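For reference, the structure is listed below as structure tokens.
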Amino acid sequence: MRSSTIKLRLGQVFLTREVANKVPEHEILWFLGRHQEGDWGDMPEEDKKINDWAVERGERVISKYRTEAGDIYIITEPDRSYTTVLFVWEY
Numbered sequence: 001m002r003s004s005t006i007k008l009r010l011g012q013v014f015l016t017r018e019v020a021n022k023v024p025e026h027e028i029l030w031f032l033g034r035h036q037e038g039d040w041g042d043m044p045e046e047d048k049k050i051n052d053w054a055v056e057r058g059e060r061v062i063s064k065y066r067t068e069a070g071d072i073y074i075i076t077e078p079d080r081s082y083t084t085v086l087f088v089w090e091y
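Residue numbers (full-length UniProt numbering): 1 to 91.
Structure representation (structure tokens):
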């Protein structure tokens, strides 16, 4: 069971067309929840530490998760006005 601690505001959420067409909505919502709670997924340990620092200081935050359709990034911008979900190859 996941915690319910919100560490990060997402702002508006945008999906690339590829993600919207290939990843089920319930999976996207699950990963967005993990991202918002500070679970950075499959990022290297050093990048997870950078994300923790970025949350506290209002910098860009990037998570990575595996889906059957391919790995996705979830990127929240420094001003927290929007978050983008895209495949790794779209970055």
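Even for Gly, the Cβ is constructed at its ideal location relative to N, Cα and C. Note that the coordinates shown come from a computational prediction; the quantities given were computed from them, not determined experimentally.
Residue from the options with nearest C-alpha to residue i
i	options	result
GLN36	ILE62, THR16, ALA20	ILE62
ILE74	LEU15, THR5, LYS7, ASP52	LEU15
LYS7	ARG34, ASP71, ALA20	ARG34
ASP39	VAL55, PRO24, SER81, GLU68	VAL55
LEU86	ASN51, GLU25, THR76, GLU18	GLU18
Run of the alpha helix (DSSP H) containing residue i, from where it starts to where it stops
i	result
GLY58	Segment: none, GLY58 is in no alpha helix (DSSP H) and carries neither H nor E.
GLU25	25 to 36
According to DSSP, residues forming a beta bridge with residue i
i	result
VAL13	THR83
ARG66	ASP71
THR76	VAL61, THR83
Beta-carbon contacts of residue i that lie in its chain and below 7 Å, excluding the five residues immediately before and after
i	result
ARG66	ASP42
THR84	PHE14, ILE75
GLU90	THR16, GLU18
GLU25	none
Cβ neighbours of residue i in the same chain (closer than 8 Å, five flanking residues each side left out)
i	result
SER53	Residue identity check: residue 53 is Trp in the sequence provided, not Ser. The answer, listed in chain order, is GLU59.
VAL88	LYS64, GLY70, ASP71, ILE72, TYR73
Close Cβ partners of residue i (< 6 Å) along its chain, the five nearest in sequence each way excluded
i	result
LYS22	ALA69
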